[in-house]
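Contents: one structure, followed by commentary.
In the numbering used here, the protein residues as written are 185 to 322.
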């Protein structure tokens, strides 16, 4: 649970992954999907609302998965710079367009929920896991 300061949280419970520590690549995406599914427990005062992005026109400022990344992993997702480059560097190339950009979903951006993003991440990880394992065996 969030204790009020970006990057500072109460200790983990045995049933949850160590989402407090950032993991690059696929591991980070897994953690983000878990966080998005438990967002109201972790950040009870956070409002996930994509329509705020449409009004504010500042990615990562409020109401989106990238904004959640900035709260829970502030060192990796600093406020300055380009969100696309940070997402692609911290997770994987193409992550921003695949999971965070408004065109990633077949509905208005204001209708995208945290569950939609978590589902997209989980589907991508499941779809690519077999190919990744086959490549690692080579």
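Yeah, the Cβ is synthetic: ideal placement off N, Cα and C, and Gly gets one too.
Any chain B beta carbon closer than 7 Å to residue i
i, result
"residue 222", "Although the question refers to chain B, the structure presented lacks it and comprises just one protein chain."
Beta-carbon contacts of residue i that lie in its chain and below 7 Å, excluding the five residues immediately before and after
i, result
"residue 209", "275 and 276"
"residue 280", "267, 268, 271 and 272"
"residue 309", "210, 213 and 214"
"residue 283", "249, 301, 304 and 305"
"residue 289", "296 and 300"
Spatial neighbours of residue i in its chain, beta-carbon cut-off 6 Å, leaving aside the 5 residues before and after
i, result
"residue 285", "none"
"residue 260", "206 and 274"
Boundaries (first-last residue) of the alpha helix (DSSP H) holding residue i
i, result
"residue 253", "249-256"
"residue 218", "210-221"
"residue 267", "267-274"
Reduced DSSP secondary structure (H/G/I, E/B, other) of residue i
i, result
"residue 298", "helix"
"residue 224", "helix"
"residue 312", "helix"
"residue 282", "helix"
"residue 306", "helix"
"residue 187", "Caution is warranted here: a pLDDT of 48 is assigned to residue 187, below 50, making its placement in the model unreliable, and the coordinate value is therefore given only provisionally. The answer is coil: DSSP assigns residue 187 none of H, G, I, E or B."
"residue 207", "coil"
"residue 260", "coil"
"residue 231", "coil"
"residue 201", "coil"
Neighbourhood of residue i by C-beta, 8 Å cutoff - its chain only, sequence neighbours within 5 removed
i, result
"residue 299", "220 and 221"
"residue 201", "214, 215 and 218"
"residue 315", "none"
"residue 324", "Any answer about residue 324 is impossible in this case: the structure gives the chain only from 185 up to 322."
Query raised in the report: Counting pairs of Cβ atoms below 8 Å between the stretch 299-316 and the stretch 256-263, do you hit three or more?
Result: Verdict: no, contact absent.
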